[in-house]
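Participant:
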Amino acid sequence: MLTLTFEDGTVRVGGLAESDVSAADLPGVAWDDRGLVARAPAYRYADLRASLDERGLDYEDRIRPETNLNLSHAYDLRDYQRGALDAWHANDERGVLELPTGAGKTVVAVAAIAALGGSTLIVVPTVDLLNQWRRELETEFDISVGQFGGGEQTQEAITVSTYDSAYLRADDVGGDFEFVVFDEVHHLGGEGYRDVARLLTAPARLGLTATFERPDGAHEVIADLVGPKVYDLSVDDLAGDHLAEYEVRRIEVDLTPAERERYEEAQGTFVDYLKTSNLSFRSGSDYQKLVMRSGTDPRAREALLAKQRARRIMMNADQKVETLGRILDRHCDDRVIVFTAHTDLVYRLSERYLLPAITSETAASDRRELLERFRDGTYSRVVTANVLDEGVDVPDANVAVLLAGSGSEREFTQRLGRVLRPKTDGGAAILYELVSAETAEERVAQRRR
DNA sequence: TTGACTCAACATCCTTTGCTACAA
DNA sequence: TTGTAGGTTTCCATGTTGAGTCA
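Here the first sequence stands for residues 1 to 449, where the numbers follow full-length UniProt numbering.
In structure tokens form, the structure reads like this:
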């Protein structure tokens with residue numbers, strides 16, 4: 001009789017001889033020469049069981065954690081949340097839900113956890129989210145919730161973990177959970193993080209994100225490890241109903257003559273190099289190629305540095321700073337979040353307009369205090385680079401100003417999401433997008449939309 | 001317990017021209 | 001004939017995070 005045991009992030013298949021492995025043709029199972037035993041990657045556990053059941057083979061499963069937590073929750077699911085949950089159930093409790101920020105992804109996950117009632121691991125990208133999830137689950141289920149990360153290592157039937165800690169602990173505890181929820185599941189596409197999903201046996205898997213597709217195509221890896229996208233709604237599907245109506249106002253600003261001269265010089269250096277270097281240039285991977293070349297070719301390095309100078313000039317243009325002043329005057333009674341791409345501009349704006357600033361350099365305690373004051377209304381404005389894009393509980397605002405950003409659709413969606421919570425007065429949110437005219441930034445802005 | 005530090009990991013970084021191999 | 005996808009194997013800079021270490 002075969003036995004299935006969890007061992008160091010794999011399923012050990014006892015009772016299968018080396019000579020039988022290829023004939024058996026079991027999902028993911030291969031012979032391990034070092035351990036002299038047949039093994040499958042942990043994430044193939046569900047397939048393996050299904051295959052054994054299908055063939056009527058007798059086996060002893062020593063992995064499956066038997067828990068019946070008998071959980072209930074007080075949420076009344078909205079129609080689309082119910083639809084998302086049903087779609088996930090219909091796909092054998094595997095798959096990704098793509099819902100905009102503020103649509104209540106956590107609510108769906110809590111309902112899924114209650115429905116399955118088994119041991120569950122929730123994986124999140126930041127300690128901030130870890131704390132939020134833990135509070136939410138303890139309140140909703142009235143049980144003690146375990147935590148991996150943020151200086152604590154406690155395991156319970158329901159445990160919340162950071163991606164980093166999950167990676168560090170998965171070898172030990174990867175066989176202990178029936179269900180795993182990946183919050184902000186797009187992170188799972190990262191080379192290191194995807195191992196978290198590989199090292200867990202959990203048959204039931206749920207991914208949550210506002211933007212599933214990745215520019216590097218790694219969402220296909222996620223679909224393999226967690227399941228395909230089974231339900232999606234865009235911001236526009238919910239705007240006016242469950243999210244605020246919104247308007248995007250694009251403002252073009254001109255570079256000053258001095259900025260224009262410096263920009264053209266730097267951009268010219270970059271484009272000239274491309275023309276003479278025989279490099280094709282169509283995608284991000286072509287850019288990678290240039291980066292690699294810059295390690296050995298001084299001209300490539302100079303071209304790359306020139307491109308960065310050009311970016312800095314167009315993203316931090318003087319006219320953007322002036323325009324921001326007029327926007328702040330116009331919205332003196334509103335709650336405004338200002339986003340930039342570089343921290344030095346954050347501090348420049350902070351000094352110029354007396355705006356509270358948050359960057360990665362801001363100490364955690366200062367950040368908490370600042371956001372608390374933004375929440376209680378002491379502050380009505382805040383300026384930041386990328387810190388508040390994701391993984392932080394940011395108080396609601398109704399005006400966002402994008403002074404600069406990358407071409408990432410994800411970044412744009414996350415920043416827009418910061419102003420989309422329904423307003424008490426029913427008013428619309430406004431997102432200002434400042435773009436330097438006749439620069440590469442026009443393309444960047446196009447790409448993120 | 002806290003704060004300062006280091007380290008590793010992740011994400012973005014993007015132009016308009018040609019070439020080759022291969023599938024429909 | 002036409003349309004489209006393709007290979008590299010390490011890493012210029014900046015911003016951000018979590019974990020670990022040490023005082």
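Ideal Cβ positions, reconstructed from N, Cα and C, are used throughout, including at glycine.
These figures come from a predicted structure and were not determined experimentally.
List the residues that DSSP assigns as beta-bridge partners of Ile-430.
Facilitator: Glu-247 and Val-399
Participant: Any idea what DSSP makes of Ile-63, helix, strand or coil?
Facilitator: coil
Participant: Can you tell me which of Arg-299, Ala-197 and Tyr-45 puts its alpha carbon nearest to the alpha carbon of Val-226?
Facilitator: For Val-226, the nearest C-alpha among the options comes from Ala-197.
Participant: Any idea what DSSP makes of Arg-94, helix, strand or coil?
Facilitator: strand
Participant: For the ligand NAD, I want to know if Leu-200 counts as a neighbour, meaning its beta carbon is within less than 8 Å of at least one of the ligand's heavy atoms.
Facilitator: Summarising the ligand content, the structure contains no ligands, and the ligand NAD is consequently not present.
Participant: What is the residue span of the beta strand (DSSP E) that Ala-40 lies within?
Facilitator: 37-41
Participant: On a Cα-Cα basis, can you pick out the residue from Ala-385, Arg-348, Thr-276 and Thr-67 that is closest to Gly-117?
Facilitator: Thr-67
Participant: Please look up how many angstroms separate the CB atoms of Ala-202 and Val-180, rounded, as I've assumed it's under 8 Å.
Facilitator: Right, the Cβ-Cβ distance comes to about 4 Å (below 8 Å), so this counts as a contact.
Participant: Residues in the same chain with beta-carbon distance under 7 Å from Val-248, minus the five sequence neighbours each way, listed in chain order, please.
Facilitator: Leu-431 and Glu-433
Participant: Going by DSSP, name the residue or residues bridged to Thr-209.
Facilitator: Glu-98
Participant: Please specify which runs of the alpha helix (DSSP H), each continuous and at least 4 residues long, are wholly inside the stretch 246-292, giving them in chain order.
Facilitator: Counting only runs of 4 or more, we get 257-277.
Participant: Taking only the alpha-carbon atoms, compute the straight-line gap between Ser-277 and Gly-192 and give it to the nearest angstrom.
Facilitator: 34 Å
Participant: Measure the Cβ-Cβ separation of Glu-38 and Leu-71 and say whether it is below 9 Å.
Facilitator: Note that residue 38 is Ala in the sequence shown here, rather than Glu. Not a contact, by the Cβ cut-off of 9 Å.
Participant: Look up Tyr-231 in the DSSP assignment and say whether it is helix, strand or coil.
Facilitator: Look at Tyr-231 here: in three-state DSSP terms it is strand.
Participant: My output table needs one value for Glu-152: the three-state DSSP class, helix, strand or coil.
Facilitator: The answer is strand: DSSP assigns Glu-152 an E or B state.
Participant: Using DSSP's beta-bridge definition, name the partner residues of Ile-358.
Facilitator: Beta-bridge partners of Ile-358 (DSSP): Thr-384.
Participant: May I have the straight-line CA-CA distance separating Arg-373 from Leu-130, to the nearest angstrom?
Facilitator: 22 Å
Participant: Here's a check: name, in chain order, each residue in its chain whose Cβ is nearer than 6 Å to the Cβ of Arg-335, leaving out the five neighbours to either side.
Facilitator: Excluding positions up to five away in sequence, the list reads Ser-380, Ala-397 and Asn-398.
Participant: Smallest Cα separation from Ala-109: which of Gly-83, Val-127, Glu-245 and Asp-128?
Facilitator: Gly-83
Participant: Leaving out five residues before and five after Val-127 in sequence, what residues of the same chain have Cβ atoms less than 7 Å from its Cβ?
Facilitator: If you ignore the 5 residues before and after Val-127, its C-beta comes within less than 7 Å of the C-beta of Gly-149, Gly-150 and Thr-162, all in its own chain and listed in chain order.
Participant: Who are the Cβ neighbours of Ala-24 in its own chain at under 7 Å, not counting the five residues just before and after it?
Facilitator: Excluding positions up to five away in sequence, the list reads Leu-16.
Participant: Might you give, ordered along the chain, the residues of its own chain that have their beta carbon closer than 7 Å to the beta carbon of Tyr-59, omitting 5 neighbours on each side?
Facilitator: Met-1, Leu-2, Thr-3, Leu-4 and Leu-52
Participant: Where do the N-terminal and C-terminal ends of the beta strand (DSSP E) with Glu-220 fall, by residue?
Facilitator: Glu-220 -> not in any beta strand (DSSP E); alpha helix (DSSP H) instead, spanning 219-225.
Participant: Assuming Ala-30 is part of the beta strand (DSSP E), what are its boundary residues?
Facilitator: 30-32
Participant: Which residue marks the beginning of the beta strand (DSSP E) containing Ile-337, and which one marks its end?
Facilitator: 336-339
Participant: In whole angstroms, what separates the C-alpha of Thr-343 from that of Ala-385?
Facilitator: 6 Å
Participant: Within the continuous alpha helix (DSSP H) that includes Gly-417, where are the two ends?
Facilitator: 409-417
Participant: Which residues share a DSSP beta bridge with Val-180?
Facilitator: Leu-121 and Arg-205
Participant: When the Cα of Arg-169 is compared with those of Ala-440, Ala-357 and Glu-7, which residue comes out closest?
Facilitator: Glu-7
Participant: Measuring CA to CA, which of Arg-12, Arg-49, Tyr-43 and Arg-44 is closest to Arg-34?
Facilitator: Arg-12
Participant: With DSSP collapsed to three states, give me the class of Thr-139.
Facilitator: helix
Participant: Can you name the start and end residues of the beta strand (DSSP E) that Leu-57 belongs to?
Facilitator: Element bounds for Leu-57: n/a, residue is neither H nor E.
Participant: With Gly-325 as the anchor, note down where its alpha helix (DSSP H) starts and where it stops.
Facilitator: Looking at the DSSP string, the run of the alpha helix (DSSP H) that includes Gly-325 is 318-330.
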